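Colleague: Quick one: structure below, then a few questions.
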Amino acid sequence: MRIDDTRPIWIQLADSFRSRITNGTWKPGEKIPSVRDLAIEAGTNPNTVQRALAALDDEGLTIPKRTAGRFVATDDAALRALRRDDARAAADAFIRACRALGVDVEGAHGLVDERWNADL
1 MRIDDTRPIW IQLADSFRSR ITNGTWKPGE KIPSVRDLAI EAGTNPNTVQ RALAALDDEG
61 LTIPKRTAGR FVATDDAALR ALRRDDARAA ADAFIRACRA LGVDVEGAHG LVDERWNADL
């Protein structure tokens with residue numbers, strides 16, 4: 001993971017961990033790596049990783065179990081909401097790019113229709 005100086009590290013870590021949940025790297029009900037292991041992977045302080053994971057706990061995406069570690073939540077509603085938010089952000093970026101290129105709404109729809117089943 002690349003850390004940049006524009007945002008707090010714990011927020012960047014939380015975003016990375018959310019992405020692992022939405023893309024299926026961390027599956028519902030699966031135990032996630034320890035705080036220590038994640039800190040080593042990210043090259044950061046374990047307290048920073050703990051803060052990022054606490055944010056995911058607060059969002060209902062992860063569940064801490066005192067003696068067993070932390071697990072990805074099995075709450076489908078929370079995961080669907082997260083995926084919807086990610087898809088909305090991707091759509092917003094696509095729309096901004098199309099507008100900057102002078103593509104109208106019909107052209108944008110056509111691009112989506114054309115590319116939807118493409119082998120990406």
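Mapping to the UniProt record's numbering: the sequence shown position 78 is 78, numbers consecutive.
The C-beta atom is built at its ideal place from N, Cα and C for all residues, glycine as well.
This one's a predicted model, so the numbers in the text were calculated from it and none came from an experiment.
If I follow the unbroken alpha helix (DSSP H) through V49, where does it start and stop?
Modeller: Start and end: P46 to D58.
Colleague: A76 to L61, Cα distance in whole Å?
Modeller: Just to set this straight, residue 76 is Asp in the shown sequence, not Ala. Each residue's Cα considered, the two are about 10 Å apart.
Colleague: Quick one: Cα of V49 to Cα of G107, how far?
Modeller: For V49 and G107, the distance between alpha carbons rounds to 43 Å.
Colleague: For A93, does the count of other Cβ atoms within 10 angstroms reach 16, so buried, or fall short, so exposed?
Modeller: Result: exposed.
Colleague: Less than 9 Å separating the beta-carbons of G69 and K27?
Modeller: Cβ atoms of G69 and K27: not closer than 9 Å.
Colleague: Which value, in whole angstroms, describes the spacing of the CA atoms of R96 and A87?
Modeller: If I take the Cα positions, the gap works out to 14 Å.
Colleague: Work out the CA separation of D4 and I21 for me, nearest whole Å.
Modeller: Cα-Cα distance, rounded: 22 Å.
Colleague: Helix, strand or coil, according to DSSP, for T74 in the structure here?
Modeller: Here T74 sits in coil by DSSP.
Colleague: Go through its chain and collect everything with a Cβ distance to P33's Cβ below 8 Å, but skip five positions before and after it.
Modeller: So the qualifying residues of the chain are E41.
Colleague: Counting C-beta neighbours from all protein chains within 10 Å, is the total for A73 16 or more, i.e. buried, or is it exposed?
Modeller: Classification for A73: buried.
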